[in-house]
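One structure is given below, encoded as structure tokens.
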Amino acid sequence: MKRSVKSAWRSQFSPSFLHRSAILFLTEMARSAFLISFLPAFAKERHITLAAVGIAISVHYLADTLIKVVAGYVLDRFPARLILNLFLLLGLLGLLVSYGVSAPWAIILGAGLIGIGVSPVWLLCLSQIQEDSRGSQMGSVYTIWLVSLGLGPVAVNFLIDRSYELSFWLLAGLWCAGWLLAAVIKVEFPSASQIAAIPFRQQMREMKNKLTQMKPLVPGMIVQTMAAGLLVPVLPSFASEYLALDYSGYSIVLMAGGAMTVLLLIPMGRLADKWGHKWLLIVGFGALAACLGLLIYSRQMFSTMLLAVCLGAAYAAVLPAWNAILSYFVPAEQKATGWGVLSGIEGIGVIIGPMLGGWMAESFDATVTVGISAILLFAIMIFYWIRPVSSYKTAGQKAGQPH
């Protein structure tokens, strides 16, 4: 019994899987710290407007989204280590440009290069998920991502109070560490001969069939990412001006919400399998909308912390249910391409959101941006209350059957 459990553990969490996860952890930690904490604060210090920050973040996700589709196709056919090294080099150049030149065009260009650089890393991890351990590996990948998403901004927020230069070199060091792992570790994808066995036109027909079947998911894919994107350029200023938090206090609030998400991610995934995805999505989106709306009126550390914890719990409810549904629309024989296309659709909202969020904050107020985000999440809750989410799994499985 012990041997079988140990063997299963080694199979699911092999050295190759852990290596890919480490690359994801380091690069996502640098990316999240740059976008969520460093860029808005650094731009404010250099008297660059929130509108410019919003455009830079939108360009980042536009580059990430456009490249993901191409990167997925390339990763399925060429040595992954070569592709990763080229892309991660561009990302490092983006960091240097953003910090080295104090101008709006520099942060926009730099953010775009970072988006290009990080785009193949997610596909590298998702395309290697094993079918017989989909749940545990998918949960592990998203847990690693969430930890990096929380630790990056928190670490930078603590350092920003001391020095922007020190914060930048932390970002550069994390990125270079991920690049080093990508350079020395052998990463295996399906060989070109295996891919060539399926004609390109047939692959595109199967992908088109998948996309046709998943039309009801598209509004949620775009609107929920747009709601999140609205918040990215305004969160630091909203926290300091309206929640009366310094960067250290902001870090503590982020840690509380992130910790709750990580703690509940696996239990919520099990609940989604047991109760069905529909109610987890409805409750999760509804709670996210309610907590964001209440956050506008929070003026004490205790209430802000409590709302952050509730936001983390709600996000933990949404994430596994949502991605379990999406996974059924990814063709087994072209995983990198499939995840690239799905990520591209979700990226539409992330591209639009930061640009609108920065503009609204400059034209009106940061609270308006937060309120609009809450309204969008509430609309998604109503949408999936009406639409039969339980049918998506069947549709995805039917779309994957040979024709």
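Under the working numbering, the residue at position 222 of the sequence shown is numbered 222, and the numbers go up by one with no gaps. Note that CB positions come from ideal geometry on N, CA and C, so glycine has one too.
Own chain residues within Cβ distance below 7 angstroms of Ala272, not counting five before or after: Leu280, Pro320, Ala321 and Ala324
Taking all protein chains shown into account, decide if Ala183 is buried (16 or more other Cβ within 10 angstroms of its Cβ) or exposed. exposed
Cβ pair Leu180, Ser373 closer than 8 angstroms: no
Quick one: any contact between the segment 49-66 and the segment 350-363, if contact means 3 or more CB pairs under 8 angstroms? yes
Where Pro354 falls: helix, strand or coil (DSSP): helix
Quick one: grab the DSSP three-state call for Leu342. helix
Alpha helix (DSSP H) containing Pro233: first to last residue? Taken as a continuous stretch (DSSP letters only), Pro233 belongs to no alpha helix (DSSP H), as it is neither H nor E.
Cβ contact (3+ pairs, closer than 8 angstroms) linking the segment 151-161 and the segment 92-107: no
If you run the structure through DSSP and keep just helix, strand and coil, what is Ile252? helix
Quick check on the burial criterion: 16 or more other C-beta atoms within 10 angstroms. Buried or exposed for Val218? exposed
Are the Cβ atoms of Ser237 and Asp246 separated by less than 8 angstroms? no
contact_flag[the segment 282-295, the segment 250-258] where n(CB pairs < 8 angstroms) is 3 or more: no
For Glu28 versus Thr225, is the C-beta spacing smaller than 8 angstroms? no
Which listed residue (Val370, Phe17, Arg20 and Phe87) has its alpha carbon closest to that of Leu243: Val370
Spatial neighbours of Ala51 in its chain, beta-carbon cut-off 6 angstroms, leaving aside the 5 residues before and after: Gly358, Trp359 and Glu362
Proximity to Tyr142 [Cα-Cα], best of Phe383, Val283 and Ala22: Ala22
How many Å lie between Ile175 and Ile386 at the Cα? Note on residue identity: the sequence assigns Trp, not Ile, to residue 175. Taking the straight line joining both Cα atoms gives about 43 angstroms.
Please report the Cβ distance between Leu93 and Leu113, rounded to the nearest whole angstrom; I am assuming they are in contact, meaning their Cβ atoms lie under 8 angstroms. 6 angstroms
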